[in-house]
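> Please see the structure below; I have some questions.
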Amino acid sequence: MRRISATLLALAPLASAVAYEVDTHALVTSKAFDRSVLAQPELRVALGLARFGVEAPGERPFQVPPGAAYGANPNAYLDFAHLNWFGDFPADMRRPPTEYDRLNMISDATGDYRRDYLEQFRLKAWLMRGAIREDDLTPDSYSNHVRPDADPHGDVMRVYHHFYDPVHDIPLEPEVACPLLPGSTGECVRSPDWAFGKSNVTDANTTFNLSRRNHFTWADATHALWCALTRNAGAFDATNFGARNAAERRLCWATTIASLGHVMHLVQDAAQPQHVRNDRHNPSDYFYPIGTTTARRTYEVWTNYRATGGGAGGEISAEAVDEAAEFRSAFENGSAAATPIAVGANYPIPRFSEPQYYFSTRQVEQEVTPSSLKKRRGLADLANRSFYSEGTFLSENYSLPPSNMDSPDLSVKTLDVGTVTGFGTLIERHVTGVLVDPLKGSYNDIALAAFGGRLPLGTVSMWEDFQTNETSLKSGVLSLDEYSIHADVLIPRAIAYSAGLIDYFFRGKLEITPPLDGLFSVIDHGTPHTVNPKGYPIRSDDSKVFGFTRLRLRVRNATDVVIESGANLPIRRDVMSTTASAAPLQGDPTLVAVARYHRNPCYRPDLSGERRIAFDGAITEPAGCGTAGTRTPFQELSVSKPVASNAAALNGAGQDLVFDFGSQPIPVNATDLAIQVVYRGPLGLESDAIAVGAFDLREPTYLTHWNNSDYAACNGAWAAHGATPPGCIVEGGGAQRAIVTTRLCIGTQLVFEHLEHPHGSLGTGAFVRLATLLDDTQKATRSRSIVHNLSNAEIRNRSIVGQVRQSAKEQVTAQAPFVSDPLWSKRGFVGSARPLPYYQINGADLQPPSDAGPMDVGALTNPIAVAAAPDPGTILFPDVALSSMGCTVQGGKAMFADEVAYQAGASH
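Residues -19 to -1, 1 to 889 (mature numbering (1 follows the signal peptide of the UniProt record, and there is no 0)) make up the sequence shown, in order.
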């Protein structure tokens, strides 16, 4: 019988165990990306990635912007030790994409990234890059292939840390041998610990490993995301400040996505039974002192062969030339068909309350009895309990699958293979078991149809004549046909678990809504300031950037409440209260607002650097600055100080907050302005997570009020001062008057006062101008003016909407042009909202609603001496927005003390 069995094994399809190669990881990662939130526009907008054109052909979303003067490696990612994240970005820690990365990037078996050089820079490709590079070996392990770049921190054989046995809670064994292996870090680390940058991550008590050797962990992805969203290092007037920070943020983006790819690789390895049953499958050459048989490596090569199309074009991933030839001959001449892997099967994406559960839920189902192991929901749990590997077939180290063929959990499926002349009928006897998967729901594993829904675990082939003498099966092999079934069962789960892990990382969501009246900020544009040679507006009093220093926003934690897979419990989504500490300690909950923008380098304090439109529709471009020149090439940002917030309010209906940008003002000449609010801290059960929300503000919008009383509106015509026609009644015998008091409203809020005491009056031609940050909805404006010899407040009602000066993308193109709404210019006064001039009115107001045409105030021909008010007045913008009846009541009823006094004085 022994001689016959040996002959049969030679006839049977080639056998081995389970693992995945880098092409396969790239394919799984590509499909996981397609199913994840990273492929959805909502998340890309919130993160600011939508401006990069991340999936457009030929786009390089994380390339250092052209002209950034940042040295080599414009498409690099960062390789930092943990503590270096908060310092400089030295050139030797920037690692470029390589030809090795590109050659292993596949998205499907027929059309793959390797056919287009530029495809390797897309967002999906950065995720694939991380998944590929997680399998990096020492340089001398690539004798027959293109090599990746060397690790700047020293050679590491990363695969030693890709094993995790969830039953025994151990890494690759024997652990005593790990320090002796080439490329060793001195130990073999459990794959979940290696993935998350923690010690004992699958236990209740876990801590971050601050000396970790893996620099592409979940923790590093979190650091990199915070960097990508908030990094703004150095002083604004430093050399290449904007360019350098724009470059470094893109490096952080690349590192975020690549690091997630590394983590996904490790989750995908948990779908390989060898990796979760401590079954080594390394080559037997001199690089690996403890070698294994060629058969042990068959599954990874066969699966990769299928993933890359099979046939002559199928990739054989074996390192040794003779072994590769042996594999190709067996695959091309054997009976097993290299059918495409079932990557399109939509296994339901698991949702968990903690990210390590994607590996194992042993923290929840702690016992190691068969009944408890069957309840575990991690991918390592499923692969460990459901599959044998060649080195652990019927192993007594595991209770599942059973080590005894007499177990009622196992059965035998007999298939006829054929008849061999002189020998008889050859049959295959497949040992099958139940695939215990508590998360599959209604998902149908089509690959199991031939076995009645059961999972083939191994094959014993024998002559039919000997079958009746067999009462039990003692050993078996794993055939290529079974490996195909295993991959078609496991890889859809690897895709879904990988997608779930991406979704978990980016689950934090903040909802940003406008404050009262959509008024986010207001400043007095009359504050004395200049423009420095770099195009920054600079205050004359303190040499700081002139701009918006306080921003009102309403913020709510909008993180989705979902039901944990298999537990049927809502996943916690609460954030923690934050404090307003200027320097939060690491781990403290932190909430900041981030303004992202470009700048108009042509800006001037008198607004002469802006496009202007006259009353007749004629547009004037700024001298020396065409449209393309009114936008700096690099995105810049301002980060607020941390703000104190209340967890109950944030997690409930939301909280009105005022963010302090005093240290990094939002420049008054900002273009392409968008606001993000970023939270870092505990989120649900995760101790260090990030939540982000975004709001697309309009660009700075100007509200200009001036004394236009050298003209009066008289019965359908404009009358100049001193030439009042008969029948036109004006106070004091003439049109021209000084404005004693001016109050300006936006929406329901009083935002500005210019009082005779202490600010003086506004004579003819004097103006005040506010700069505001608004949204895209129309809102009312009002001026309330007290004029000498008038008995009441003169009210003028207009409207305002935020102005547009932006492109939809970071790089201006014909498809994404820079759009700049012109400012109106009337008699030398400039603004962007409907003009608010003061003039006496007898009869109807002549100013047309369109603010254009021959009756527009801008058509008045007499010269006027335009001058900013000597004293700028007072901005009213309290932390708590308040409505004022003076901005809402109809008519000219006196509402303020000075108005009442003037009215009383006029009545005597």
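Cβ atoms here follow ideal geometry from the backbone N, Cα and C, with glycine treated the same way. Note that the structure is predicted; figures quoted are calculated from it, not measured.
(1) For A205 versus T183, is the C-beta spacing smaller than 8 Å?
(2) Where does P129 land, buried or exposed, given buried means 16+ other C-beta within 10 angstroms?
(3) Run the CB neighbour count on P829, radius 10 Å, all protein chains shown included, and call it buried at 16 or more, exposed below.
(4) Would the beta-carbon of P818 fall within 8 Å of that of D832?
(5) Can you tell me whether DSSP reads K394 as helix, strand or coil?
(6) Tell me which residue opens and which closes the alpha helix (DSSP H) that Y485 is part of.
(7) Round the Cβ separation of F748 and W687 to the nearest angstrom and send it over; I've been treating them as touching at under 8 Å.
(8) L459: buried (16+ other C-beta within 10 angstroms of its C-beta) or exposed?
(9) Give the straight-line distance between the Cα atoms of R358 and T413, rounded to the nearest whole angstrom.
(10) Should N195 be labelled buried (16 or more other beta-carbon atoms within 10 Å of its own) or exposed?
(11) Apart from the five residues just before and just after R537, which ones in its own chain have a Cβ nearer than 6 Å to its Cβ?
(12) For a quick check, are the C-beta atoms of Q657 and V785 less than 8 Å apart?
(13) Please return the same chain residues whose Cβ sits closer than 6 Å to the Cβ of D879, not counting the five positions on each side in sequence.
(14) With a threshold of 7 Å on Cβ separation, who are the neighbours of T508 within its own chain once the five nearest residues in sequence on each side are excluded?
(15) Which one or two residues does DSSP pair with S865 in a beta bridge?
(16) Can you tell me which of L588, G34 and G294 puts its alpha carbon nearest to the alpha carbon of T794?
(17) Is the number of C-beta pairs between the segment 118 to 125 and the segment 143 to 152 that are closer than 8 Å three or more?
(18) Can you have a look at M866 and say buried or exposed, based on whether 16 or more other CB atoms are within 10 angstroms of its CB?
(19) Going by CA-CA distance only, name the one from P120, T350, V345 and P614 that's closest to F799.
(20) Whose C-alpha, out of V768, G434, P648 and R554, is nearest the C-alpha of V512?
(21) Less than 8 Å between the CB atoms is what I'm expecting for T494 and R535, so what's the real figure, rounded?
(22) Indicate the three-state DSSP secondary structure (helix, strand or coil) for L751 in the structure shown.
(23) Within the same chain, show all residues whose beta-carbon is closer than 6 Å to that of T5, passing over the 5 residues directly before and after it, in chain order.
(24) Taking the alpha carbon of M138 as the reference point, which residue from P152, P163, E156 and H149 has its own alpha carbon closest?
(25) Check the C-beta distance from T652 over to N696 and give it rounded, since I have them as a contact under 8 Å.
(26) State the DSSP-derived secondary structure class of Y269, mapped to helix, strand or coil.
(27) Taking the straight line between their C-alpha atoms, what separation do you get for Y584 and G223?
(28) Skipping 5 residues on each side, what residues in its chain have a beta carbon closer than 6 Å to that of T354?
(29) Give the C-beta separation of L743 and A850 to the nearest angstrom, bearing in mind that I take them to be a contact with Cβ-Cβ under 8 Å.
(30) Go through its chain and collect everything with a Cβ distance to K874's Cβ below 6 Å, but skip five positions before and after it.
(31) Check whether the Cβ atoms of R763 and R777 sit closer than 8 Å, and answer yes or no.
(32) Hey, how far is the Cα of H467 from the Cα of F432?
(33) Take Y660 and list the residues in its own chain whose beta-carbon comes closer than 6 Å to its own, dropping the five residues that flank it on each side.
(34) Should the segment 614 to 623 be called in touch with the segment 208 to 225, which here means at least 3 C-beta pairs below 8 Å?
(35) Name the two residues that bound the continuous beta strand (DSSP E) containing V324.
(36) Consult DSSP for Q448 and reduce its assignment to one of helix, strand or coil.
Walking through what the data contain:
(1) By one-based count along the sequence shown, residue 205 stands at place 224. By one-based count along the sequence shown, residue 183 stands at place 202. No, these two residues do not count as a Cβ contact at 8 Å.
(2) By 1-based counting over the sequence shown, the position of residue 129 is 148. Counting the other CB atoms within 10 Å of its CB gives P129 a total of 16 or more, which places it among the buried residues.
(3) For this step, residue 829 is matched to residue 848 along the sequence shown. P829 comes out exposed.
(4) Residue 818 sits at position 837 when you count from the first residue of the sequence shown. Residue 832 sits at position 851 when you count from the first residue of the sequence shown. The answer is no: Cβ separation not under 8 Å.
(5) As a position in the sequence shown, residue 394 is number 413, starting the count at 1. Three-state result, K394: strand.
(6) In the sequence shown, the residue the question calls residue 485 occupies position 504. Segment L461 to F486, the alpha helix (DSSP H) holding Y485.
(7) In the sequence shown, the residue the question calls residue 748 occupies position 767. In the sequence shown, the residue the question calls residue 687 occupies position 706. Contact flag correct, Cβ pair sits at about 3 Å.
(8) Here residue 459 refers to the residue found at position 478 of the sequence shown. By the neighbour-count definition (other C-beta atoms within 10 Å, threshold 16), L459 is a buried residue.
(9) Within the sequence shown, residue 358 is the residue found at index 377, counting from 1. Within the sequence shown, residue 413 is the residue found at index 432, counting from 1. If you draw a straight line from the Cα of R358 to the Cα of T413, it comes to about 21 Å.
(10) Looking up residue 195 in the sequence shown gives position 214. Per the 10 Å Cβ criterion, buried.
(11) Taking the first residue of the sequence shown as 1, we reach residue 537 at position 556. If we look at R537 and ignore the five residues flanking it on each side, its Cβ neighbours are E492 and G635.
(12) The sequence position of residue 657 within the sequence shown is 676, counting from 1. The sequence position of residue 785 within the sequence shown is 804, counting from 1. 8 Å or more divides the Cβ of Q657 from the Cβ of V785.
(13) To locate residue 879, count along the sequence shown from 1; it is residue 898. So the qualifying residues of the chain are T722.
(14) Reading the sequence shown from its first residue, position 527 is the one you call residue 508. R520, F527 and P853.
(15) Position 884 of the sequence shown, counted from the first residue, corresponds to residue 865. Bridge partners of S865 according to DSSP: none are assigned.
(16) Here the question's residue 794 lines up with position 813 in the sequence shown. The residue with the shortest Cα to Cα distance from T794 is G34.
(17) A contact between stretches requires three or more CB pairs, one per stretch, nearer than 8 Å, and the segment 118 to 125 fails this requirement with the segment 143 to 152.
(18) Counting from one through the sequence shown, the residue named residue 866 turns up at place 885. Burial call: exposed.
(19) As a position in the sequence shown, residue 799 is number 818, starting the count at 1. Answer by Cα proximity: P614.
(20) Numbered from 1 along the sequence shown, position 531 holds the residue referred to as residue 512. Closest by C-alpha distance to V512, out of V768, G434, P648 and R554, is P648.
(21) Position 513 of the sequence shown, counting from 1, holds the residue named residue 494. Position 554 of the sequence shown, counting from 1, holds the residue named residue 535. With a Cβ gap of about 5 Å, T494 and R535 count as contacting.
(22) In the sequence shown, counting from the first residue as 1, residue 751 sits at position 770. Three-state result, L751: strand.
(23) Working through the sequence shown from its first residue, we reach residue 5 at position 24. So the list reads T284, N285 and A288, once near-sequence residues are dropped.
(24) On the sequence shown, position 157 is the one that residue 138 refers to. Closest by alpha carbon: P163.
(25) As a first step, residue 652 must be located in the sequence shown, where it is residue number 671. As a first step, residue 696 must be located in the sequence shown, where it is residue number 715. So it is not a contact: roughly 44 Å between Cβ atoms.
(26) Locating residue 269 in the sequence shown gives position 288, counting from the first residue. Bear in mind that a pLDDT of 47 at Y269, under 50, signals an unreliable position, so the model cannot answer this.
(27) By one-based count along the sequence shown, residue 584 stands at place 603. By one-based count along the sequence shown, residue 223 stands at place 242. Distance from the CA of Y584 to the CA of G223, rounded to the nearest whole angstrom, comes to 17 Å.
(28) Taking the first residue of the sequence shown as position 1, residue 354 is located at position 373. The question names Thr, but residue 354 is Leu in the sequence shown. Result list for L354: R366 and L381, in chain order.
(29) Looking up residue 743 in the sequence shown gives position 762. Looking up residue 850 in the sequence shown gives position 869. About 6 Å; that satisfies the 8 Å criterion.
(30) Sequence index remark: in the sequence shown, residue 874 carries index 893 (1-based). Same-chain partners within the cutoff: there are none.
(31) The sequence position of residue 763 within the sequence shown is 782, counting from 1. The sequence position of residue 777 within the sequence shown is 796, counting from 1. Yes, the pair counts as a contact, with Cβ atoms nearer than the cut-off.
(32) In the sequence shown, the residue the question calls residue 467 occupies position 486. In the sequence shown, the residue the question calls residue 432 occupies position 451. Looking at the backbone, the Cα of H467 and that of F432 are separated by about 13 Å.
(33) Indexing the sequence shown from 1 puts residue 660 at position 679. Around Y660: V556, L572 and A672.
(34) Yes: the two stretches touch, three or more of their Cβ pairs being nearer than 8 Å.
(35) Looking up residue 324 in the sequence shown gives position 343. No beta strand (DSSP E) holds V324; DSSP gives it neither H nor E.
(36) Position 467 of the sequence shown, counting from 1, holds the residue named residue 448. Note that Q448 has pLDDT 44, beneath the 50 cutoff, so the model's placement of it is unreliable and the number below is only indicative. Shown here, Q448 sits in a helix according to DSSP, grouped into three states.
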